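S.K.:
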Amino acid sequence: KKFRRVVVIHDTLMASVVQDVKHISNAESFALQSVSAFTVFLYIWDSMKEKPFQIDPEMIPCIPSSKGCFTLEFANFIAKEYEVLDFESGRLFNTCRLLEGKYMELLERLPINTNKKLFAVG
């Protein structure tokens with residue numbers, strides 16, 4: 001049977017397993033972030049040397065750096081999975097806009113999310 005559209009939803013840390021979906025003409029891939037939009041935004045923001053825009057300092061509470069949170073092996077694994085995560089149409093976040101709307105909006109403004117659909121599905 002032929003399908004008009006195929007949607008693949010996968011964990012961000014399983015990108016290498018589904019990376020061939022980009023070769024299917026009628027398929028779209030959406031990566032599921034298993035952590036909060038707040039966590040994802042802070043992790044990305046903390047890793048950016050040059051900030052693309054200004055934010056209200058109250059948006060980022062006094063939180064220690066994420067350095068040292070992961071073993072070197074796990075950090076390398078994450079980096080390898082994100083290297084192949086260039087085929088996704090969007091991302092699903094385990095949150096709701098009522099709780100984390102501000103951070104979803106900040107994520108949408110980041111250059112790495114240009115032309116990507118971000119959904120809060122919690």
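full-length UniProt numbering applies: residue 1 is where the sequence shown begins, and numbers increase by one. Built from N, CA and C at the ideal position, the CB exists for glycine as well. Remember, it's a predicted structure, so these values are computed and weren't measured experimentally.
Who are the Cβ neighbours of Gly122 in its own chain at under 6 Å, not counting the five residues just before and after it?
M.R.: Result list for Gly122: Asn94, Thr95 and Cys96, in chain order.
S.K.: Can you tell me whether DSSP reads Glu88 as helix, strand or coil?
M.R.: Here Glu88 sits in coil by DSSP.
S.K.: Can you pull the DSSP bridge partners for Ala79?
M.R.: According to DSSP, Ala79 bridges with nothing at all.
S.K.: Can residue 128 and Glu88 be called in contact, C-beta distance under 7 Å?
M.R.: As displayed, the chain neither begins before 1 nor continues past 122, which places residue 128 out of reach and without an answer.
S.K.: Beta-carbon within less than 8 Å of Val8's beta-carbon, same chain only, minus the 5 sequence neighbours each way: which residues are those?
M.R.: Within the same chain, Val8 has close Cβ partners Val18, Val21, Ala27, Glu28, Ser29 and Phe30.
S.K.: Counting only runs of 3+ residues fully inside the UniProt domain "Glycosyltransferase N-terminal" (2-122), write out the beta strand (DSSP E) ranges in chain order.
M.R.: Counting whole runs of 3 or more residues, the UniProt domain "Glycosyltransferase N-terminal" (2-122) contains the beta strand (DSSP E) stretches 6-11, 27-33, 90-93 and 117-120.
S.K.: Would you kindly work out how many angstroms separate the C-alpha atoms of Thr39 and Lys2, rounded to a whole number?
M.R.: Answer to the nearest angstrom: the Cα atoms are 39 Å apart.
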